[in-house]
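*Asks:* The following block contains the structure, expressed as structure tokens.
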Amino acid sequence: GSMMDKMDAQLDLARKLRAVDETDVAERVIEYHFLPDLIGNLRAFSRQETRCLDCGAKYRRMPLTGECRECGGRVNLTVHEGSVNKYMQTAIRVAEEFGCRDYTKQRLEVLERSLESVFEDDTNKQSGIADFM
């Protein structure tokens, strides 16, 4: 099954077993699965290449024209936003639902802010000189 199904099954089992502290299980799932995955995906996004959709030429940086230098085709990013933050909301929900430590919740909050700052829509945020006075 999917990662979500496996996690739900693991946490469901933790709820049923008396010998297991369900908060601890949730904590570990976040700490050892979600956080490394989210951080790794964010790192991959920041270091990604761009690729021509037509001829497949790869570039370390987006050409300034936005077009492929080989064939003039459209150039696109190789890592997409959805693949970077797909588990963020789930991790936050699990942390709340199972009463995880403040430290874990704060790590998730910091990571969520990082994701927001990377993916925020800044196309119409031109500053005037008054903004700096």
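Note that our numbering has the sequence shown beginning at -7, numbered continuously upward. Each residue gets a CB set at the ideal place from its N, CA and C atoms; glycine is no exception. Computed from a predicted structure; not experimentally measured.
When the Cβ atoms of the segment 92 to 101 are set against those of the segment 50 to 57, are three or more pairs found closer than 8 Å?
*Replies:* no
*Asks:* Taking DSSP as the reference, what is the three-state secondary structure of T42?
*Replies:* For the purposes of this step, residue 42 is taken as residue 50 along the sequence shown, with counting starting at 1. Correct three-state label for T42: strand.
*Asks:* On the DSSP bridge assignment, give the partners of E59 in chain order.
*Replies:* Mapped onto the sequence shown, residue 59 falls at position 67. For E59, which the question treats as bridged, DSSP gives the partners R66.
*Asks:* Excluding the 5 residues preceding and the 5 following G91 in the sequence, name in chain order all residues of the same chain whose CB lies nearer than 7 Å to its CB.
*Replies:* As a working note, residue 91 is residue 99 in the sequence shown. Excluding positions up to five away in sequence, the list reads T15.
*Asks:* Within 10 Å of its beta-carbon, does I31 have 16 or more other beta-carbons around it, so buried, or fewer, so exposed?
*Replies:* Residue 31 sits at position 39 when you count from the first residue of the sequence shown. Exposed, since its Cβ has fewer than 16 Cβ neighbours within 10 Å.
*Asks:* If contacts are defined as beta-carbon pairs under 8 Å, then D29 and Y79 qualify, I think. What distance do you get, rounded to the angstrom?
*Replies:* Residue 29 sits at position 37 when you count from the first residue of the sequence shown. Residue 79 sits at position 87 when you count from the first residue of the sequence shown. With a Cβ gap of about 6 Å, D29 and Y79 count as contacting.
*Asks:* Would you please state the rounded distance, in angstroms, between the beta carbons of V12 and A18? I believe it to be under 8 Å.
*Replies:* On the sequence shown, position 20 is the one that residue 12 refers to. On the sequence shown, position 26 is the one that residue 18 refers to. So it is not a contact: roughly 11 Å between Cβ atoms.
*Asks:* Just verifying my parser: in three-state terms, what is the DSSP assignment at Y132?
*Replies:* Residue 132 lies beyond the residue range present for the chain, which begins at -7 and ends at 125; the question has no answer from this structure.
*Asks:* I'd like to confirm the pairing. Which residues does DSSP put opposite K50 in its beta bridges?
*Replies:* One-based indexing of the sequence shown puts residue 50 at position 58. Paired residues: R43.
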